[in-house]
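The working numbering numbers the first residue of the sequence shown as 9 and each following residue consecutively.
Each residue gets a CB set at the ideal place from its N, CA and C atoms; glycine is no exception.
Step one of this worksheet: look at the structure below.
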Amino acid sequence: MFIFSIIELPVHNFDKVKQKLNLTDMKILIVILFVFMSTISLGQEKMEIESKRVISKIDSTRSPELVLIQEFKVKSPIDTVWNAYTTKKGYESWAAPLAEIELKVGGFIKSNYNSQGKIGDSTTIVTHIINYVPKTLITLQAEITDNFPEFMKKEAKDFYNIIYFNKLENGYTSVRSFGIGYKNNPKYLSLMNYFIPANEKILLNLITLLEK
Numbered sequence: 009m010f011i012f013s014i015i016e017l018p019v020h021n022f023d024k025v026k027q028k029l030n031l032t033d034m035k036i037l038i039v040i041l042f043v044f045m046s047t048i049s050l051g052q053e054k055m056e057i058e059s060k061r062v063i064s065k066i067d068s069t070r071s072p073e074l075v076l077i078q079e080f081k082v083k084s085p086i087d088t089v090w091n092a093y094t095t096k097k098g099y100e101s102w103a104a105p106l107a108e109i110e111l112k113v114g115g116f117i118k119s120n121y122n123s124q125g126k127i128g129d130s131t132t133i134v135t136h137i138i139n140y141v142p143k144t145l146i147t148l149q150a151e152i153t154d155n156f157p158e159f160m161k162k163e164a165k166d167f168y169n170i171i172y173f174n175k176l177e178n179g180y181t182s183v184r185s186f187g188i189g190y191k192n193n194p195k196y197l198s199l200m201n202y203f204i205p206a207n208e209k210i211l212l213n214l215i216t217l218l219e220k
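Structural data, given as structure tokens:
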């Protein structure tokens, strides 16, 4: 079973959010934010940290909204990296114990982080494939369930994740993910401050798997 590590950080007014969500909901919310979109300090226009192999940025210098960027380089063929994101076998090897993928424009990635559950039950996360170019990019939009904060549900239609794949020299591949549509306000900054370290851990797990 894939296990998420929730890392406790000092977060402005996040206790109120946690009180509204049980543990299962918190795990699902980590995944939703991971599909859409890395520690943040309020009042800065551009923030960046590096977790060894994964670089995370929150950029508000070019737009009134936040652009969430996570990127890494891995010594693995681009075919293998692409398959890790877009095939059932690949996705289940690092992202979730259960997955169902229909790779096409208008397709989906359905995942369940409960190994005892099944695709289609109440804990299934549905991520829509808006478009893709094989081994180059994929645009995703995840559904948000009724368990999430109202401010996220109202704005879910604005959230997209665009992931670019680039073949490099010497057997390396780069992956760059852009989360767009997030409002530049304390609510979103607090959520990201809490969840981004967990997202980075997921990507580090993927890197480890790909380089075995």
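Cα-Cα separation, residue i to residue j
{"i": "Glu-158", "j": "Asn-201", "result": "19 Å"}
{"i": "Asn-91", "j": "Leu-212", "result": "17 Å"}
{"i": "Tyr-140", "j": "Lys-112", "result": "8 Å"}
{"i": "Gly-128", "j": "Asp-87", "result": "29 Å"}
{"i": "Ile-215", "j": "Glu-100", "result": "14 Å"}
{"i": "Phe-116", "j": "Ala-164", "result": "17 Å"}
{"i": "Ile-109", "j": "Gly-98", "result": "10 Å"}
{"i": "Glu-219", "j": "Leu-74", "result": "32 Å"}
{"i": "Lys-96", "j": "Ala-107", "result": "6 Å"}
{"i": "Gln-78", "j": "Glu-151", "result": "21 Å"}
Given residue i as reference, the closest of the options once Cα atoms are compared
{"i": "Pro-194", "options": "Arg-184, Val-113, Met-160, Glu-177", "result": "Met-160"}
{"i": "Ile-66", "options": "Thr-181, Glu-219, Lys-209, Gly-189", "result": "Gly-189"}
{"i": "Ser-68", "options": "Tyr-196, Leu-212, Leu-217, Ala-206", "result": "Tyr-196"}
{"i": "Phe-299", "options": "Lys-165, Asp-166, Val-183", "result": "Because the chain spans 9 through 220 in this model, residue 299 falls outside it and cannot be assessed."}
{"i": "Asn-192", "options": "Leu-76, Lys-81, Asn-207", "result": "Leu-76"}
{"i": "Ile-138", "options": "Phe-80, Tyr-168, Pro-72", "result": "Tyr-168"}
{"i": "Thr-153", "options": "Lys-60, Lys-118, Thr-131, Glu-73", "result": "Thr-131"}
Residue i - containing alpha helix (DSSP H), residue span
{"i": "Asp-201", "result": "First, the residue type needs correcting, since residue 201 is Asn and not Asp in the sequence shown. Here the alpha helix (DSSP H) through Asn-201 covers 194-218."}
{"i": "Gly-98", "result": "96-100"}
{"i": "Glu-158", "result": "158-163"}
Proximity of residue i and residue j at Cβ, strictly below 7 Å
{"i": "Ala-104", "j": "Tyr-93", "result": "no"}
{"i": "Ile-170", "j": "Phe-186", "result": "yes"}
{"i": "Ser-84", "j": "Thr-144", "result": "no"}
{"i": "Gln-149", "j": "His-136", "result": "yes"}
{"i": "Glu-208", "j": "Val-82", "result": "no"}
First and last residue of the uninterrupted beta strand (DSSP E) at residue i
{"i": "Lys-191", "result": "181-191"}
{"i": "Asn-122", "result": "Premise fails: Asn-122 is in no beta strand (DSSP E) and is neither H nor E."}
{"i": "Gln-81", "result": "Checking the sequence shown, residue 81 turns out to be Lys, not Gln. From DSSP, the beta strand (DSSP E) with Lys-81 extends over 73-82."}
{"i": "Asn-169", "result": "168-175"}
{"i": "Glu-151", "result": "First-last for Glu-151: undefined, no H or E at that position."}
{"i": "Ile-127", "result": "No beta strand (DSSP E) holds Ile-127; DSSP gives it neither H nor E."}
Whole-number beta carbon distance between residue j and residue i, since they are thought to touch under 8 Å
{"i": "Ile-204", "j": "Ser-64", "result": "6 Å"}
{"i": "Trp-102", "j": "Leu-176", "result": "In fact, because the Cβ distance is near 20 Å, the residues do not count as touching under 8 Å."}
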